[in-house]
Amino acid sequence: MRVAIHQPAYLPWLGYFDRIARVDRFVFLDTVQFEKNSFINRNRIKTPQGVQWLTVPVFGRGHLSSDLGETRIDNSRDWRRDHLKALALNYRRTAHFDSRFARLEALYAEPEELLSAWCWRQLRFWLDELQITTPLLRASDLALQQRKSALVLEICQRLGARHYLSGTLGRDYLDEAAFTEAGIRVEYQAFAPQPYPQLWGEFVAGLSVVDWWFNQPESSTPFRSQP
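Those letters in the sequence shown? Residues 137 to 363, by the working numbering.
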């Protein structure tokens, strides 16, 4: 079994979904500490003026939470309306805006109190849109004990994994010797997004999945065939 693990992300980039598509089980790591100015609660779209960040506001005390599960969204601000307005303004000229925007409005129709719950709901939405059927599991359901590299190894062992597909940053902290000793092969993702037609000038890589989604037909895929 090949497993991937990643913390929640708001409107993730295509590389996030590439990793999910390449494994047998994906673990939604909702037990990590919330990091301010990370991709957990914000991501980027393209506008005529350049890149724009869309950020889900959270209560300040969430920055000090022991884990993401305690981080609450500040719904006193109508950020869902603001994000939909920004998406409509900047993507209404794309080929598939008219057929897709209503689905996005339905996603944003209901609020969530917790950031992790919102990220979980929109992750499942995007997996459906990308037709990725990899089974998901929340780390918070596993009663895990370890941290950092040992936490990743604990999850892999709990699931009976023989391959772990890591992001590139895993090279900075994974104890590969411990994985080898446990009989688990560590692989590192090598995702290079294929350029696709965008509005507003030259291609910009690494944007939110929503940019690709509005610009591409249903039959296309952002992922090259990979083992």
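Note that beta-carbon positions come from the ideal geometry of N, C-alpha and C, so glycine has one too.
Contact set for residue i: own chain, Cβ-Cβ below 6 Å, skip 5 residues either direction
{"i": "VAL187", "result": "ARG180"}
{"i": "TYR300", "result": "VAL139, CYS292, ILE320 and VAL322"}
{"i": "SER285", "result": "TYR309, LEU310 and ASP311"}
{"i": "PRO363", "result": "Because PRO363 sits at a pLDDT of 44, beneath the cut-off of 50, its placement in the model cannot be relied upon, and the following sentence gives the value as read from the coordinates. Excluding positions up to five away in sequence, the list is empty."}
{"i": "TRP262", "result": "VAL345"}
{"i": "PHE327", "result": "GLY151 and ASP154"}
Backbone secondary structure at residue i - three-state DSSP
{"i": "THR207", "result": "coil"}
{"i": "TYR309", "result": "coil"}
{"i": "LEU240", "result": "helix"}
{"i": "ASP154", "result": "helix"}
{"i": "LYS182", "result": "strand"}
{"i": "SER361", "result": "Any answer about SER361 is weak, because its pLDDT of 45 lies below 50 and its placement is not dependable; what the coordinates show is given next. Note: SER361 maps to coil in three-state DSSP."}
{"i": "GLY198", "result": "Residue placement at GLY198 is poorly supported in this model, since its pLDDT is 44, which falls under 50; the coordinates are not used for a value here."}
{"i": "LEU263", "result": "helix"}
{"i": "ARG213", "result": "coil"}
{"i": "GLN258", "result": "helix"}
{"i": "ARG145", "result": "Correcting the residue type first, residue 145 is Ala in the shown sequence and not Arg. Three-state result, ALA145: coil."}
{"i": "PHE162", "result": "strand"}
{"i": "ALA231", "result": "coil"}
{"i": "ALA140", "result": "strand"}
Sequence-distant residues of its chain with Cβ nearer than 7 Å to residue i (five each side left out)
{"i": "TYR152", "result": "HIS142 and ALA145"}
{"i": "ASP214", "result": "none"}
{"i": "TYR324", "result": "SER302, THR304, GLY306 and ARG307"}
{"i": "THR339", "result": "Inspection of the sequence shows that residue 339 is occupied by Phe rather than by Thr. So the list reads PRO331, once near-sequence residues are dropped."}
{"i": "GLY105", "result": "With the chain covering only 137 through 363, there is no way to say anything about residue 105."}
Nearest-angstrom beta carbon gap, residue j and residue i [assumed within contact, 8 Å]
{"i": "LYS182", "j": "ASN211", "result": "About 27 Å separates the two Cβ atoms, so there is no contact after all."}
{"i": "GLU241", "j": "LEU220", "result": "6 Å"}
{"i": "LEU287", "j": "LEU280", "result": "6 Å"}
{"i": "ASP160", "j": "MET137", "result": "5 Å"}
Same chain, Cβ closer than 8 Å to residue i, five either side skipped, listed in chain order
{"i": "GLU249", "result": "ARG208, ILE209 and ASN211"}
{"i": "ALA341", "result": "PRO329 and PRO331"}
{"i": "ARG178", "result": "TYR146, TRP189, LEU190, THR191 and VAL192"}
{"i": "ARG298", "result": "MET137, ARG138, GLY319, ILE320 and ARG321"}
{"i": "TRP256", "result": "PRO144, PHE164, ASP166 and ARG274"}
{"i": "GLY198", "result": "Per-residue confidence for GLY198 stands at a pLDDT of 44, beneath the threshold of 50, marking its modelled position as unreliable; the derived number appears in the next sentence. Counting only Cβ-Cβ distances below 8 Å, and skipping sequence neighbours, we find PHE170, GLU206, THR207, ARG208 and LEU251."}
{"i": "ALA157", "result": "LEU266, ILE268, THR270 and PHE359"}
Chain C within 8 Å of residue i, Cβ atoms only
{"i": "ALA275", "result": "No chain C appears in this structure, which consists of one protein chain only."}
Does the pairing of the segment 155-164 with the segment 269-279 give three or more beta-carbon distances under 8 Å? Yes, the segment 155-164 is in contact with the segment 269-279.
Do the segment 308-317 and the segment 221-236 touch if we need at least three Cβ pairs shorter than 8 Å? Output reads no: the segment 221-236 does not touch the segment 308-317.
List, from N- to C-terminal side, the beta strand (DSSP E) runs of 3 residues or more that fit wholly inside the segment 271-357. Qualifying beta strand (DSSP E) stretches, in chain order: 272-274, 299-302 and 321-324.
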